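Residue numbers -23 to -1, 1 to 1155, in mature numbering (1 follows the signal peptide of the UniProt record, and there is no 0), belong to the letters of the sequence shown in order.
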Amino acid sequence: MNAVNRLTLLLVTVVNLIETGQSNKNVIRMGYITGSKLKVADGFFSTRHGQRISGAITYARDQINNDSSILPNHTLEFLVAETYSQELHSIKETVELIDRNISVYIGPQETCVHEGRIAASFNLPMISYFCAADDVSDKVKYPTFARTKPTASQISASVVCILKKFNWKKVTFIHTANEENGLPDTVATIESLMKREGIQITDKRSYRYPYFHGETENPFTSLVAATRTNTRIYVVLAQYFEFIGLMDHLYELGLLDTGEYFVVGVCLAESDTITPDAYLKELISTTKGKDHAKGRLEAFKYFIGVVESPPNYDEYEEFKSIVNEYLEKPPFSFQTPFKVNKTIEKRLRTEAAYLYDAVWLYARTAHKILEQGGDIRNGTLIIENLINVTYKSAIGYTTKINQRGDSEGNFTLLALRNENSVWGLYPVGVFRQTFDEMPDFEFYEGRSIAWPGGKIPVDEPECGYNGEYCIEPTDYTVEIGLGITGGILLVIIIIGTLCYRNWKYEQELASLLWKIDYKDLTIDYADPCTMPYFNNITRASSNVSLTSHSEMDNRQLYTSVGTYKGNLVAIRKVNKKNVELTRNIKKELKVMRELRHDNVNPFIGSCIDAPYILIVSAYCSKGSLQDILENDDIQLDLMFIASIVFDIIRGMVYLHESEIKSHGKLKSSNCVVDSRWVVKITDFGLTEFLAGTEEDPSEHAKYRNMLWTAPELLELEKKGRGTQPGDVYSFAIILYEINGRKGPYGNCTLDPKEIIARVRDPKHEMFRPRLAELDTTPKFVTEVIKECWAQDPEKRPDFKTIRSKLKELQRGMKPNILDNMISIMEKYANNLEAVVDERTEQLIEEKKKTEELLHQMLPKSVAEQLKMGKEVEAESFDSVTIYFSDICGFTALSSESTPIQVVNLLNDLYTLFDSIIEHYDVYKVETIGDAYMVVSGLPNPNGTMHAGEIASMSLHLLEAIKSFKIRHRENEMIKLRIGIHSGSCVAGVVGLKMPRYCLFGDTVNTASRMESNGEPLRIHCSQRCKTILDELGGYQTVERGFVSMKGKGEVLTYWLTGEDKSFRRKRMSRFILIPDSSPTLSGNNNQNRTQCNCEKSESLCVDNRLSRSFYRRHSLNDSCNGSVPSQFSLNPHRISSFKHRSSNLPSPRLFKQIQFKEVDESKIRNCDHNLELAPLIT
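As structure tokens, then:
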């Protein structure tokens, strides 16, 4: 029969070779290395594992080939290499398979150390389903090796996991001396993991393998005798049938009666869910009687077992059946390999499932690599793609290939239970693999361990193994008596001393030395200039969002200055209705009053006379450090900075060593400066006293006050005493503030709320002020800042360390404090002189800006009268022309638009209008909603030109409105309705606050009626205005006819339809007389661009100062050589700029007249000095 089998196997192999040779292009060959038989004598073989599992590879191959999506356009086949379960044959077959063009080794079976090295040398992947050697897990030596069978050492992590779960940190480790199946590696792994996880092995023993209970001498007799006195928890690595000897012996010795001893069994065989009583059969079938057997069975209540998880019963039964069928098919054709008789079938080895897993894992990995265009024979590439792959094993559980290329397996915890009247070791929990090296243990739902006595045994008795922790003391009765007597006397003395000190302390508390009567305080509310915290409130800041005084902290808001017993003091109002004077508050106020240090602002006392709840401290005339840093007038050199920094450090060192312990609210506004430029720390302590203060700062102020707060303190809802590391963080921000002088976060543009959010919860790196802005700061200072604002509070230095690290700052300073103080004050005085000069210049510039702004609001003549405090008298004008316009349909448009859209519309429209009227001799009176009012002929009369200026301007506006686009309604057109009228009126300034230049008279009303009775996109002109336009010439009008107007009756009116612009240019080219008192060049920006050229050799020098008259005027100055030409010409370009090319001009020279006229550009002579006239509107 063996000959027939060999012949059949040979034929099948030949057929496979022929078939695969026909389609070599699409065939992937696997080399299956197996041992199905073992030669015991010539011609005689015994069956080996290969005969029981080989059907799994055929089953896996057929499944993969039948699914075209797994290996598209490829066929998976295998060549069988029989090793006869001998290593030499295995090595030989491994080498020979290389010549047969295989892509992967599936195997080998029993041995793999040398075979794995061969595969690595040819860079071929090798996936074993059986080998247990631990050496091949070394990915340096075996980079192309992986396996689907968990190694024996994998169980080690589960063992340590269960020890840690039950807090067993001291154990005795007993194991079998078997050298097979990787057992030494498992022992070593368990030991190393226990050591790493802090579990102490109090004793380690081994016994000879194998041990069969009742047939050989019980090795646990001597092992227990040697270890029982120094252990309570046994960890035993053995075969399942060997545990009976240990538990039986512990039961006979009575060690289990107290519940102190417990055994953790580690079994290398998988658990049996079908026959869970198999572990205990020898106990139940003992010859010592049923009662004894029952007692020994109870012993297993003190036992739990860690075993490999069994296969999933339902799924595995189906798998087993299919594999058995494939065993009888080619290429193996093993005849009923497992049948003992027709009804009894032996159990299938789990290696069949591991073999099945190996083929599937390779197929899936090959699919992935083929998609990427890789080589499926590249062993290192295959293994790299296998590592960390999670898959469901044919056994039924999910596992993964770890970094060493080994399957992690799955392990179960067994405990004694009685289920369905059958005692056995049943699974009670499972070890779940995690991303960490250690697994997690979970009990199955509804299952647990029935601990003896209802509690988990401890690994060491309370008094130690030998009572060493509970030694009875020696009898020292006499000595104790004398000691007690002496002790009593000493206690009486100490108590008496403490009572006296306590009485004295209570007297001091009751005396309320800190209490201030409100009547003794004089608070100056009237003079804010005396308040050190308000004296710079109007100063501009370069960092408005972070340093502006518009959002001051609460201490500044409630601090004022007053006098107490003839001394100036700072008085802070506490926003509380009353203070309940508890003992803690008394103690707090007493401590505050006793604190005295040169760099700590003295607490003078407190007033608690409701509603006047006040805190009184020493007055510091220079204000806060924040005030000084924001004051650009005060220059800080290195000596000044060093003095400030070391004052703060000295103050904080004192606070940290005092009863206060920490500040909690340290920031630049809480560092005040006295008249001698000494910095003092303030606003600390009084936590109990200030509790319940009603504070309602704005959100901006709330988050701004947190800019100095350490990240770990930002999470606290209530303000407390803070921490010392938190104070160091605050000091770092202050130190940055001192050196940068741009606020606590420099040029950071983020809102304080956004800054706090980033500091509180950094996403990638901690958020701090940019040190790059401190480009002139010494490096050692920036290093200290970085250390002080470290994210981890433990890494921040204390203030004494900071003082030593910043000692270099004091280099060059005088050792005498008084000399340093005098030097600082001298520098401050010198700096003030420079500041006064600078401020005077700034005042002059600001005055000019103010005048310019005023001239934009009121006519210059009116503005000058107001500046001199004179009453502006109303002025009558005989002839002016008034323009009114509004938007037809504006009410409907507004109702269909949002307020912001309406505002944007009017802003765009009036910006256009304003740009146009700049070209005309007109004055914009006002805008009310959609109404626009303009006048010409006042405050500077211009003869009859006012009608022409208004008419030309109206036509210009009407033309411009046709191309105007409404932002939110681009397809709609603004329909402007215009009315103009000429006549007399009175103009004057109305009101004292926000004065307005207003027009009065019937002309105003008539002009308004002309507008209201007009039509969209037309200019409605009165009879009188039309008459003046006819006199000027160049304007086209059309008679409308008689229109009924309120208060006027029937009035003849006209439509203004157009103009001839040449008439206006001629009017503008005539001589303009300039009085001696006003040496100005009168011109109009409606002129073409002009370049001024000299008619003579002398040049005309013009400055760039603009007076806000109705003609845009530039002042004429003396020519550079002392003479002024009588006239100059303009070429026909648009006006661009008007500047002079000389300096050191003398005062303006008086002249009589200047003529504008058009000339040909080619006729203009060039000279040394060219002038350009600057337009206001391009």
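Note that CB positions come from ideal geometry on N, CA and C, so glycine has one too.
None of these values were measured; they are calculated from a predicted model.
Best match in the options for proximity to residue i [C-alpha to C-alpha]
i: Leu727; options: Glu714, Pro746, Glu742, Asn716; result: Pro746
i: Asp855; options: Leu994, Val212, Ser913; result: Ser913
i: Arg560; options: Tyr482, Ser537, Tyr596, Gln612; result: Tyr482
i: Ile779; options: Ala749, Glu54, Phe757, Thr875; result: Phe757
i: Arg29; options: Ile894, Ala329, Pro49, Ser133; result: Ala329
i: Asn982; options: Lys1025, Val1020, Glu947, Lys952; result: Lys1025
i: Ser384; options: Ile548, Lys563, Ala109, Glu1016; result: Ala109
i: Phe239; options: Glu422, Lys278, Ala215; result: Lys278
i: Ala58; options: Gly430, Tyr333, Lys69, Gly386; result: Lys69
i: Ala134; options: Ile176, Gly430, Leu969, Asn155; result: Ile176
i: Val117; options: Pro288, Ser838, Gly93; result: Gly93
i: Gly628; options: Ile585, Arg573, Trp654; result: Arg573
i: Thr1030; options: His152, Val137, Ser1021, Glu292; result: Ser1021
i: residue 1158; options: Val283, Tyr974, Glu992, Glu895; result: Limits of the chain in this structure are -23 at one end and 1155 at the other, which puts residue 1158 out of reach.
i: His896; options: Ser929, Gly920, Thr875; result: Ser929
Chain-order list of residues whose beta-carbon lies under 7 Å from that of residue i (same chain, five-residue window excluded)
i: Asp111; result: Thr128, Ser130, Gly159, Asp162
i: Ser527; result: With a pLDDT of 39 at Ser527, under the threshold of 50, the modelled position of this residue cannot be trusted, and the question is left open.
i: Tyr61; result: Gly12, Lys14, Leu15, Lys16
i: Gln603; result: Ser645, Ser646
Residue i, enclosing beta strand (DSSP E) - first and last residue
i: Glu1027; result: 1026 to 1036
i: Ser853; result: 852 to 864
i: Arg1017; result: 1012 to 1022
i: Asp586; result: 580 to 586
i: Lys550; result: 544 to 550
i: Thr11; result: 4 to 11
i: Pro404; result: 399 to 409
Nonlocal neighbours in the same chain, by C-beta distance under 8 Å from residue i, ignoring five residues either side
i: Thr149; result: Ile178, Thr179, Asp180, Lys181, Arg182, Thr204, Asn207, Thr208, Ile210, Tyr211, Val212
i: Arg326; result: His26, Arg29, Ile30
Which of helix, strand or coil DSSP assigns to residue i
i: Leu232; result: coil
i: Leu904; result: Before going further, note that residue 904 is Thr rather than Leu in the sequence given. Note: Thr904 maps to strand in three-state DSSP.
i: Leu245; result: strand
i: Lys377; result: strand
i: Ser105; result: strand
i: Val568; result: helix
i: Trp337; result: helix
i: Pro755; result: coil
i: Asn1098; result: Note on Asn1098: pLDDT 37, under 50, position unreliable in the model; no value is reported.
i: Thr540; result: strand
i: Ser298; result: helix
Extent of the continuous alpha helix (DSSP H) to which residue i belongs
i: Asn395; result: No alpha helix (DSSP H) contains Asn395, which is instead part of the beta strand (DSSP E) from 388 to 396.
i: Ala595; result: Note, Ala595: premise wrong, no alpha helix (DSSP H); beta strand (DSSP E) at 589 to 595.
i: Asp604; result: 602 to 607
i: Ser183; result: No alpha helix (DSSP H) holds Ser183; the beta strand (DSSP E) holding it covers 177 to 184.
i: Arg38; result: 32 to 42
i: Tyr217; result: Here Tyr217 belongs to no alpha helix (DSSP H), and DSSP marks it neither H nor E.
Cβ-based neighbour list, residue i, same chain, cut-off 6 Å, excluding 5 preceding and 5 following
i: Tyr446; result: Cys440
i: Glu64; result: Thr88
i: Ile353; result: Ser80, Ala343, Ile346
i: Thr(-4); result: With a pLDDT of only 46 at Thr(-4), under 50, the local geometry of the prediction cannot be trusted, and the value read off the model is given with reservation. Closer than 6 Å at Cβ, skipping near neighbours: Val4, Glu54.
i: Asn552; result: Thr670, Glu671
i: Leu883; result: none
i: residue 1221; result: The structure shown does not extend to residue 1221, since the chain spans only -23 to 1155, so no value can be given for it.
i: Gly1011; result: Glu1036, Asp1037, Phe1040
Segments assigned alpha helix (DSSP H), at least 4 residues, entirely inside the region 624 to 705: 664 to 667, 676 to 681, 688 to 691
Complete runs of the beta strand (DSSP E) confined to the region 981 to 1007 [at least 3 residues]: 995 to 999
Sequence ranges, beta strand (DSSP E) only - wholly within the region 951 to 975, length at least 3: 953 to 967
Segments of 3+ residues assigned as beta strand (DSSP E) that fall wholly inside the region 876 to 930: As far as the region 876 to 930 is concerned, its whole beta strand (DSSP E) runs of at least 3 residues are 900 to 905, 908 to 913.
Uninterrupted beta strand (DSSP E) stretches inside the region 108 to 166 (no shorter than 3 residues): 122 to 124, 147 to 153
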